[in-house]
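Encoded as structure tokens, the structure appears first; notes follow it.
Number of protein chains: 2
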Amino acid sequence: MSIESISSLFVIKNALLAARLSKKASNRLSVHGISLNEYIVMHYLVSSNKEASRIELAEYLGMSASGVTRMLLPMEKTGIIESARNLRDSRQSLVKLSTSGLRLFEDTSTSFSHIASELTSNLSQSQQERLVELFGKLI
Amino acid sequence: MSIESISSLFVIKNALLAARLSKKASNRLSVHGISLNEYIVMHYLVSSNKEASRIELAEYLGMSASGVTRMLLPMEKTGIIESARNLRDSRQSLVKLSTSGLRLFEDTSTSFSHIASELTSNLSQSQQERLVELFGKLI
DNA sequence: GACATATACTTGCGCGATCAAGTTTATATG
DNA sequence: CATATAAACTTGATCGCGCAAGTATATGTC
Numbered sequence: 113m114s115i116e117s118i119s120s121l122f123v124i125k126n127a128l129l130a131a132r133l134s135k136k137a138s139n140r141l142s143v144h145g146i147s148l149n150e151y152i153v154m155h156y157l158v159s160s161n162k163e164a165s166r167i168e169l170a171e172y173l174g175m176s177a178s179g180v181t182r183m184l185l186p187m188e189k190t191g192i193i194e195s196a197r198n199l200r201d202s203r204q205s206l207v208k209l210s211t212s213g214l215r216l217f218e219d220t221s222t223s224f225s226h227i228a229s230e231l232t233s234n235l236s237q238s239q240q241e242r243l244v245e246l247f248g249k250l251i
Numbered sequence: 113m114s115i116e117s118i119s120s121l122f123v124i125k126n127a128l129l130a131a132r133l134s135k136k137a138s139n140r141l142s143v144h145g146i147s148l149n150e151y152i153v154m155h156y157l158v159s160s161n162k163e164a165s166r167i168e169l170a171e172y173l174g175m176s177a178s179g180v181t182r183m184l185l186p187m188e189k190t191g192i193i194e195s196a197r198n199l200r201d202s203r204q205s206l207v208k209l210s211t212s213g214l215r216l217f218e219d220t221s222t223s224f225s226h227i228a229s230e231l232t233s234n235l236s237q238s239q240q241e242r243l244v245e246l247f248g249k250l251i
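Sequence lines, in order, name chains A and B. Here the first sequence stands for residues 113 to 251, where the numbers follow my numbering. Here the second sequence stands for residues 113 to 251, where the numbers follow my numbering.
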């Protein structure tokens, strides 16, 4: 066995953990008819409290622009989000949460925080805060 | 704005971080012709130093059994891994790294640890160790 | 003001992964 | 021992997402 770098181990464990947590969170969210990424988009729109461009969402989610386009399509069809033009830059198509989208988010949030606290029950509050803080240095 | 649970934030940030890191790591690994998950499988087989069943790999990777089947197929075709029967349980098809697979892993590892240390350069050694330790409590 | 380059998407194609269903082998129960 | 149930895969259909290429608009340069 060779010596292994801690950073390699970190990247691997982070990927494995995310795969597990995301899957379980997705399962819980599926009863509300939304995916984890859709939930994260709603969360972002609520938290930032502004309209977001598709590129902004793509960077935030760490996915491609085309992925965002395809993801938002059904969300707009079902009325969760609404699109608006940016008058300053007509290339952009801004996204905002509709009122029914906000209601859906609030309903879903309680489900989500339940599953999230189940999934992280092996960590103390302060350990979780520390993790989120360190994640911030990498994002 | 409502009060948000730290565990929700943790699950979201973890997913976002993994999306970013995985994508960058995948890009680097693609020059060796392998995906991140393939690298993780090789890493697992080397670290555990034993043959693994497909179910075991699926649980470790946090993916479905069918996903593992499909993922291993080309790896076996190109000779990275070999399959062996489990004599105690003939339902199982055990996976082990071939010698050329081991060589590929060693080559790839240096690439991987380089990109990993780039990606985590904002964290100290001990912070990374702490993170890996806390990840262990959740996996 | 014209032209080149960059940005913000959108669309076609392909890959990787999931789910549901099917097959084979193991295990538990009467 | 027979039957039922579970476990370990495999396969078909499908979906989400990325990449490459195309379009429309903005910006920078001569």
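Don't be surprised by glycine CBs; every beta carbon is placed ideally from N, CA and C. Small disclaimer: the values here were computed from a predicted structure and weren't measured.
Report all residues from its chain with a CB closer than 8 Å to the CB of residue i; omit the five preceding and five following residues, and keep chain order.
i	result
Ser-176/B	Ala-170
Ser-210/B	Gly-191, Ile-192, Ile-193 and Glu-194
His-144/B	Leu-216, Asp-219, Thr-220 and Ser-223
Met-113/A	Below a pLDDT of 50, predicted positions are generally treated as unreliable, and Met-113/A, at 46, falls in that range; the measurement from the model is reported next regardless. Here the set comprises nothing.
Who are the near neighbours of residue i in its chain, counting only those whose CB is closer than 6 Å to its CB and skipping five residues on each side?
i	result
Arg-200/A	none
Where residue i and residue j are concerned, what is the direct C-alpha to C-alpha distance, given to the nearest angstrom?
i	j	result
Ser-223/B	Phe-122/A	15 Å
Tyr-235/B	Ser-236/A	Tyr is not the amino acid found at residue 235/B; the sequence shown has Leu there. Looking at the two C-alpha atoms, the distance is approximately 21 Å.
Leu-128/B	Ser-165/B	30 Å
Glu-94/A	Gly-213/A	Residue coverage of chain A in this structure runs from 113 to 251, which leaves residue 94/A outside it and unanswerable.
His-155/B	Leu-148/B	10 Å
Ser-142/B	Ile-227/B	12 Å
Ser-178/B	Ile-146/B	19 Å
Leu-157/A	Glu-168/A	11 Å
Ile-251/B	Asn-161/A	34 Å
Lys-249/B	Arg-242/A	14 Å
Arg-182/A	Asn-198/A	20 Å
Leu-184/A	Glu-150/A	8 Å
Gln-307/A	Pro-186/B	As shown, chain A starts at 113 and ends at 251. That puts residue 307/A outside it, with no answer to give.
Val-180/A	Ser-233/B	29 Å
Arg-140/A	Arg-140/B	33 Å
May I ask you to list the residues that DSSP assigns as paired with residue i?
i	result
Ala-164/B	Val-207/B
Glu-194/B	Lys-208/B
Please check the pair residue i and residue j, which I expect to be a contact at CB under 8 Å, by giving their CB distance rounded to whole angstroms.
i	j	result
Ile-152/A	Leu-133/A	No, Ile-152/A and Leu-133/A are not in contact; Cβ-Cβ is about 13 Å, not under 8 Å.
Lys-125/A	Val-244/B	5 Å
Ser-202/A	Ser-119/B	Contact flag wrong, Cβ pair sits at about 41 Å.
Gln-252/A	Leu-231/B	The structure shown does not extend to residue 252/A, since chain A is modelled only from 113 through 251, so no value can be given for it.
Ser-225/A	Ser-159/B	Not a contact, Cβ separation roughly 35 Å.
Whose C-beta lies closer than 7 Å to the C-beta of residue i among residues of the same chain, with five residues either side of it excluded?
i	result
Glu-163/A	Ala-196, Leu-206, Val-207 and Lys-208
Ser-138/A	Ser-147 and Leu-148
Ala-130/B	none
Between the segment 220-248 of chain B and chain A, which residues of the former have CB atoms less than 7 Å from a CB of the latter, in chain order?
Of all residues in the segment 220-248 of chain B, the ones placed with a Cβ closer than 7 Å to any Cβ belonging to chain A are Phe-224, Ser-225, Ala-228, Ser-229, Leu-231, Thr-232, Asn-234, Leu-235, Gln-237, Gln-239, Gln-240, Glu-241, Leu-243, Val-244, Leu-246 and Phe-247, in chain order.
The segment 115-132 of chain A: positions lying closer than 9 Å to chain B by Cβ
Legend: CB atoms of the segment 115-132 of chain A lying less than 9 Å from CB atoms of chain B belong to residues Glu-116, Ser-117, Ile-118, Ser-119, Ser-120, Leu-121, Phe-122, Val-123, Ile-124, Lys-125, Asn-126, Ala-127, Leu-128, Leu-129, Ala-130, Ala-131 and Arg-132.
Interfacial residues, the segment 148-168 of chain A to chain B, with Cβ spacing under 7 Å:
So the list reads Leu-148, Ile-152 and His-155, given in the order they occur along the chain.
Please list, in chain order, the residues of the segment 171-193 of chain B that have any C-beta partner in chain A closer than 8 Å.
Cβ contacts with chain A: Tyr-172, Leu-173, Gly-174 and Met-175.
Please identify, using Cβ separations under 7 Å, the residues of the segment 195-219 of chain A that lie next to chain B, in order along the chain.
The segment 195-219 of chain A vs chain B, Cβ under 7 Å: nothing.
Against chain B: residues of the segment 134-145 of chain A by CB proximity under 7 Å:
For the segment 134-145 of chain A, which is checked against every Cβ of chain B, the residues closer than 7 Å are Ser-134, Lys-135 and Ala-137.
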